[in-house]
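These notes concern the structure reproduced below.
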Amino acid sequence: NAGVTQTPKFQVLKTGQSMTLQCAQDMNHEYMSWYRQDPGMGLRLIHYSVGAGITDQGEVPNGYNVSRSTTEDFPLRLLSAAPSQTSVYFCASSTPWTPYEQFFGPGTRLTVL
Amino acid sequence: KQEVTQIPAALSVPEGENLVLNCSFTDSAIYNLQWFRQDPGKGLTSLLLIQSSQREQTSGRLNASLDKSSGRSTLYIAASQPGDSATYLCAVRRNAGNNRKLIWGLGTSLAVNP
Chain A
198 NAGVTQTPKF QVLKTGQSMT LQCAQDMNHE YMSWYRQDPG MGLRLIHYSV
248 GAGITDQGEV PNGYNVSRST TEDFPLRLLS AAPSQTSVYF CASSTPWTPY
298 EQFFGPGTRL TVL
Chain B
500 KQEVTQIPAA LSVPEGENLV LNCSFTDSAI YNLQWFRQDP GKGLTSLLLI
550 QSSQREQTSG RLNASLDKSS GRSTLYIAAS QPGDSATYLC AVRRNAGNNR
600 KLIWGLGTSL AVNP
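From first to last, the protein sequence lines stand for chains A and B.
In this text, residue positions in the first sequence follow this note's numbering: the first is 198, and each later residue adds one.
In this text, residue positions in the second sequence follow this note's numbering: the first is 500, and each later residue adds one.
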């Protein structure tokens with residue numbers, strides 16, 4: 198298994214540009230989520246999904262959209278990038294059975310100029 | 500509201516030392532607690548997961564304990580090595596089922612010096 202994969206690894210955007218961060222997992226996990234990690238603020242949940250066709254907001258959803266058309270993929274869209282969205286983004290998935298252990302992708306480092 | 504605290508924020512020890520990392524949480528009604536390791540510029544790797552009904556879990560030189568009544572978990576690292584240098588994060592899961600959100604600590608940055 199490849200586990201949780203994310204692309205791209207690095208991205209630089211200009212303010213106002215849009216882009217999609219890709220996330221895929223091959224472990225047949227129902228639950229997937231997106232986090233951003235900023236110094237001194239820890240990991241904050243952006244959006245999550247409990248299965249194909251079902252998504253919900255986390256702590257910091259503004260400026261981001263998600264969709265879940267398949268079990269495997271959970272892309273994160275930045276609608277109009279802002280410098281405040283400069284961060285490291287992690288995608289995670291967890292097993293559909295107890296204890297719901299969570300697995301992370303390698304991250305995407307995004308800079309918005 | 501559940502809050503997770505990790506103290507100290509940073510720790511530097513000589514190689515070979517046994518050490519303890521602390522994780523405190525304010526609400527004892529948890530489902531489980533998970534310890535992660537993060538190397539600089541990398542993703543998070545799951546180390547140990549303790550269910551609320553368990554007292555400890557072990558993997559190699561790592562031992563994690565859980566005391567729900569005091570709202571505390573510790574990660575014990577035996578005979579530390581320079582390769583253990585990383586940030587260690589703990590996260591508490593409040594519920595099972597569909598709402599599986601994790602509440603995160605800010606981590607302890609560990610440096611093991613040769």
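The beta-carbon is built from N, C-alpha and C at its ideal position, and this holds for glycine as well.
Buried or exposed by the 16-neighbour rule on C-beta atoms within 10 Å, applied to residue i
| i | result |
| --- | --- |
| W534 of chain B | buried |
| I243 of chain A | buried |
| L546 of chain B | buried |
| E227 of chain A | buried |
| M229 of chain A | buried |
| F300 of chain A | buried |
| I251 of chain A | exposed |
7 angstroms CB neighbourhood of residue i in its chain, flanking five on each side removed
| i | result |
| --- | --- |
| P205 of chain A | T305 |
| K567 of chain B | S527, I529, S551 |
| D583 of chain B | I576, L609, V611 |
Cβ-based neighbour list, residue i, same chain, cut-off 6 angstroms, excluding 5 preceding and 5 following
| i | result |
| --- | --- |
| L218 of chain A | L273, Y286, T305 |
| D223 of chain A | N198, A199 |
| G248 of chain A | E227 |
Contact set between residue i and chain B, taken where Cβ atoms lie within less than 7 angstroms
| i | result |
| --- | --- |
| S291 of chain A | R599 |
Sequence-distant residues of its chain with Cβ nearer than 8 angstroms to residue i (five each side left out)
| i | result |
| --- | --- |
| F524 of chain B | Q501, E502, V503, T504, L532, G570, R571, S572, V591, I602 |
Within chain A, partners of residue i - CB distance below 8 angstroms
| i | result |
| --- | --- |
| Q533 of chain B | E298, Q299 |
Residue i: contacting residues in chain B (beta-carbon distance under 8 angstroms)
| i | result |
| --- | --- |
| F287 of chain A | G542, L543 |
| P303 of chain A | K541, G542 |
Listed by chain order, chain B residues near residue i by CB distance under 9 angstroms
| i | result |
| --- | --- |
| Y261 of chain A | Under the 9 angstroms cutoff, chain B gives no residues; its nearest Cβ is about 17 angstroms from Y261 of chain A. |
Within chain A, partners of residue i - CB distance below 7 angstroms
| i | result |
| --- | --- |
| Q550 of chain B | P296 |
| L605 of chain B | G239 |
**Report entry** Ranges of the alpha helix (DSSP H) found wholly within the segment 527-602 of chain B, counting only runs of at least 4
**Finding:** none
Query - Whole runs of the alpha helix (DSSP H) within the segment 219-244 of chain A, excluding any shorter than 4 residues - result: none
Query - Segment contact flag, the segment 508-522 of chain B with the segment 256-271 of chain A, C-beta cutoff 8 angstroms, min 3 pairs - result: no
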